[in-house]
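Residue numbers (my numbering), protein chains in the order written: chain A, 10 to 111; chain B, 10 to 111.
2 protein chains.
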Amino acid sequence: MDTQLRKGILDVCVLMAIKNEDSYGYKIIKDLSDVIKISESTLYTILKRLEEGEMLIVRSTEYEGRIRKYYHITQVGIQRIEEFKKEWGEIKKVYAFITGDK
Amino acid sequence: MDTQLRKGILDVCVLMAIKNEDSYGYKIIKDLSDVIKISESTLYTILKRLEEGEMLIVRSTEYEGRIRKYYHITQVGIQRIEEFKKEWGEIKKVYAFITGDK
DNA sequence: CATAATACATCGTATCACATAGTATTGTTA
DNA sequence: TAACAATACTATGTGATACGATGTATTATG
Chain A
10 MDTQLRKGIL
20 DVCVLMAIKN
30 EDSYGYKIIK
40 DLSDVIKISE
50 STLYTILKRL
60 EEGEMLIVRS
70 TEYEGRIRKY
80 YHITQVGIQR
90 IEEFKKEWGE
100 IKKVYAFITG
110 DK
Chain B
10 MDTQLRKGIL
20 DVCVLMAIKN
30 EDSYGYKIIK
40 DLSDVIKISE
50 STLYTILKRL
60 EEGEMLIVRS
70 TEYEGRIRKY
80 YHITQVGIQR
90 IEEFKKEWGE
100 IKKVYAFITG
110 DK
């Protein structure tokens with residue numbers, strides 16, 4: 010998929026990946042792989058961004074001797090998903106224009 | 010609409026705006042305004058980019074004493090629109106994931 | 001005569017996806 | 001047991017894109 014088209018939707022995909030259950034980096038990539046491929050560099054950048062935007066909180070837990078960071082969605086994060094759904098309405102309108110379905 | 014979501018679709022919108030009939034900067038903005046708002050700075054950046062990508066050709070015509078640039082879509086430009094339509098299939102899949110329509 | 005509308009151009013900035021590279025541990029397999 | 005894949009996270013640099021701000025110049029309108 011075109012890089013530009015991914016912009017703005019990857020964040021929301023990551024939020025969806027942790028919405029129902031706290032998750033960690035590697036698992037998020039695996040879970041999303043069927044829907045959309047995200048490289049590690051991209052994901053960890055997104056996670057940091059989402060943390061700064063207070064859309065998730067991080068909990069470092071020890072798992073089998075190594076530290077694993079669990080990401081937990083916040084209310085702001087959930088709101089972000091809802092906002093995206095609204096924005097999608099506009100995007101669909103644009104797509105209808107492009108395809109000529111008017 | 011979120012800036013990031015616009016990335017990648019604005020180009021195609023501009024191509025659509027000149028697809029059926031050659032047009033010029035100001036008219037393109039007006040014609041698209043119902044569907045998607047594009048500022049002048051953004052549009053002229055896009056037009057230049059599309060020209061460099063050989064998706065359109067430019068013809069400077071004199072109109073009422075002033076030079077007006079008419080943009081004409083090329084075969085490459087038409088192909089770009091078709092590619093976008095294909096990519097849309099993937100985007101819809103991602104959206105289905107986000108909304109939970111699976 | 002001032003203001004809006006028309007028409008195009010340039011510069012700088014912020015955001016984002018991503019390649020590349022590095023660190024470190026655990027599990028597997030030849 | 002040495003090599004390698006898989007797991008897990010971090011840091012740096014780059015290119016593409018949208019867009020605000022600003023500037024120029026003409027025509028139409030009130």
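Every residue, glycine too, gets a C-beta built ideally from N, C-alpha and C. It should be emphasised that the depicted structure is a prediction, and the values quoted were computed from it without experimental measurement.
task = Anything in chain B within Cβ reach of A/T108, meaning under 7 Å, just list it in chain order.
result = K94
inquiry  = Is there a Cβ of chain B sitting closer than 8 Å to that of A/Y79, yes or no?
reply    = no
message = Counting only C-beta atoms, is A/Q13 closer than 8 Å to chain B at any point?
response = yes
Beta carbon of A/I27 nearer than 8 Å to that of A/I37 = yes
task = Run down chain B in chain order and give the residues with a C-beta less than 7 Å from the C-beta of A/E99.
result = M10
request  = Going by CA-CA distance only, name the one from A/G34, A/D40, A/D31 and A/K16 that's closest to B/F106.
outcome  = A/D40
message = I'd like to know whether the C-beta of B/M17 is nearer than 8 Å to at least one C-beta of chain A.
response = A small correction: the amino acid at residue 17 of chain B is Gly; Met does not occupy that position in the sequence shown. Judged by the 8 Å Cβ criterion, B/G17 is in contact with chain A.
query = Could you give the distance in angstroms between the alpha-carbon of A/V67 and the alpha-carbon of B/T54?
reply = 40 Å
task = Please report how far the alpha carbon of A/G62 lies from the alpha carbon of B/I18, in whole angstroms.
result = 26 Å
query = Which word fits B/Y8, buried or exposed, when buried means at least 16 other C-beta atoms lie within 10 angstroms of its C-beta?
reply = Residue 8 of chain B is absent from the structure shown; chain B starts at 10 and stops at 111.
query = If we cut at 8 Å on Cβ distances, does B/K36 have a partner in chain A?
reply = no
query = Buried or exposed: where does B/Y35 fall if 16 or more other Cβ atoms within 10 Å of its Cβ makes it buried?
reply = exposed
request  = Give the interface partners of B/M64 over in chain A, defined as CB-CB distance under 9 Å, in chain order.
outcome  = Per Cβ cutoff of 9 Å: no residues; B/M64 is ~14 Å from chain A at best.
ask   = Given that a residue counts as buried once 16 or more other Cβ atoms are within 10 Å of its Cβ, and exposed if not, what is A/Y72?
value = exposed
query = To which residues of the same chain is A/N29 closer than 8 Å at the C-beta, ignoring the five residues directly before and after it?
reply = none
ask   = Which chain A residues sit within Cβ distance under 7 Å of B/Y104?
value = W97
query = What residues from chain A crowd round B/I45, counting only those whose CB sits closer than 7 Å?
reply = V103
query = Along chain B, which residues have their Cβ under 8 Å away from the Cβ of A/I90?
reply = I107
request  = Please report how far the alpha carbon of B/Y104 lies from the alpha carbon of A/I47, in whole angstroms.
outcome  = 16 Å
task = Drop a sphere of 10 angstroms on the beta-carbon of A/R15, count the other beta-carbons inside from all chains shown, and report buried for 16 or more, exposed for fewer.
result = buried
key: Start-end ranges of the alpha helix (DSSP H) lying completely within the stretch 11-35 of chain B, minimum 4 residues   = 12-15 and 19-28
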